[in-house]
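Visitor: Starting off with a structure, shown below.
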Amino acid sequence: MPSQLKREAGEDPVAAEAPGAAAESTPEVPKNDEPVREEDLPEEEEEDEGEEGGAAAGDKKKKKKKKKKKTAGAADKTANGVCAPGSAAVAAAKKQSEENSTVLRRVKEWTSFPEKQTWPPTKPMHEVFSDGLYPPGEIRQTKRTTAAEDREAVRLEAVDIQAIRQAAECHRQVRRYIQGVARPGVKLVDLCRSLEAKSKELIAAHKLDRGWGFPTGCSLNNCAAHYTPNPGDNRVLEQGDICKLDFGVQVGGRIIDCAFSIAFDEKFDSLIQATQDGTNVGISHAGADARLSEIGGFIQEAIESYEMEIDGKMVPIKSIRNLTGHSIDLYRIHAGANQEKRRSGESGCKQRGPAVGQRQMHTRKLAQKRRNARTDRENAKK
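Numbering (the UniProt record's numbering), first residue to last: 1 to 382.
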């Protein structure tokens, strides 16, 4: 009898089930207290929704909606639009540099980006380079390259080269950032505020230990240097302007003083190229015991070999007479000797020790009161 009941139950499985079990039976799912992540769910899954036997017309299948996976770019960006360190930040920085090269004239290509830095850069230098070793930057050999003994003697002097390189790396990253901000229509005061805020953030400014080197210079067109917009100044950067952006960063009193030109019109290409070549020529002829007048002559020769078009006429580019380079000392942006940008009767020589600013922006060179010119008679007596 029991076997018969068992056989009859097997012939009609629907009748053997309880009244409330006519619907689809779901397999028991083991309990798991751990939350299920969205990434762990399958992209697509089929499930049998049909009923067995009876009036069922057939198996009906439903496809679950695909779960959207978060893209790598979205995962690497925070709520404020800053790319986390890594490949995403490097790619974003490279994309910004490519955009800058199509907008700004004669901007040099950025070839590297710190892997531990975000984009836009937000991490201070001591966090990006936690080992205390900062990249040396661009190195140009002078015609008076010192021997190994002289280089060792320089190293033994009380010069914190890592502090200088830290300030220089911060200056480079701020310069790269601000090139993406400089666009026609931006207020000069807003441009300077953005630059100074980023400098303060990346160098982790602290009292006199580290911070700005000097007030930011933002000089337009025929104003060569030393103009800083103040609150209430509503002047904006126009498409046909050339702007000389000059700012500094210091660590332990070691000041990095550098400037660059911002222009959107191709007519300024030769002017910017002349200043860059003048800078490189001046550096190559610098060194211990090099005569300042000779260095100025080489700079002048390089600059005045260029010409530019103004109102349809080709005009030779001239080196500015009353703007000079200068020495830089601890916490002193203008110290000691001046570096002329033209050949003069000065007989002074460069000495090993204090740094000399050779930033040859031509239309932006640092203005410093020139030394009283010596007469030909005084030069003849010597």
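Where is the CB? At the ideal position from N, CA and C, for every residue including glycine.
#1: Please report how far the alpha carbon of L104 lies from the alpha carbon of L133, in whole angstroms.
#2: Mind checking A197: buried by the 16 CB within 10 Å criterion, or exposed?
#3: How is V103 classed by DSSP in three states: helix, strand or coil?
#4: For E301, which of helix, strand or coil comes out of DSSP?
#5: Only counting the same chain, and skipping five residues up and downstream in sequence, which positions put a Cβ closer than 7 Å to that of V281?
#6: Excluding the 5 residues preceding and the 5 following L220 in the sequence, name in chain order all residues of the same chain whose CB lies nearer than 6 Å to its CB.
#7: Cutting at 8 Å between CB atoms, please list the residues of its own chain near Y331, excluding the five before and the five after it.
#8: Nearest CA to the CA of M314: which residue from E304, D160 and Q96?
#9: Looking at the structure shown, is K123 part of a helix, part of a strand, or coil, going by DSSP?
#10: Can you check which of these residues, P120, H126 and L237, is closest to G81 by C-alpha distance?
#11: Just verifying my parser: in three-state terms, what is the DSSP assignment at K108?
#12: Just the C-alpha distance for A335 and D329, rounded to the nearest angstrom, thanks.
#13: Between which two residues does the beta strand (DSSP E) harbouring S261 extend?
#14: How close, in whole Å, do the beta carbons of V236 and K187 come, if the pair is a contact with beta carbons under 8 Å?
#15: Within the same chain, show all residues whose beta-carbon is closer than 6 Å to that of A263, passing over the 5 residues directly before and after it, in chain order.
#16: Hey, out of D246, G213, Q117 and I310, whose CA is closest to I178's CA?
#17: Nearest by alpha-carbon distance to Q96: which of A259, D265 and E109 is it?
#18: What's the C-alpha gap between A286 and R321?
#19: Suppose you measure from the CA of G211 to the CA of A163; what does that come to, to the nearest Å?
Guide: Concretely, from the data shown:
#1: 32 Å
#2: exposed
#3: helix
#4: helix
#5: F298, I299 and A302
#6: D241 and C243
#7: L208, Q250, G253 and I255
#8: E304
#9: coil
#10: P120
#11: coil
#12: 6 Å
#13: R254 to A263
#14: 5 Å
#15: R105 and I242
#16: D246
#17: E109
#18: 20 Å
#19: 12 Å
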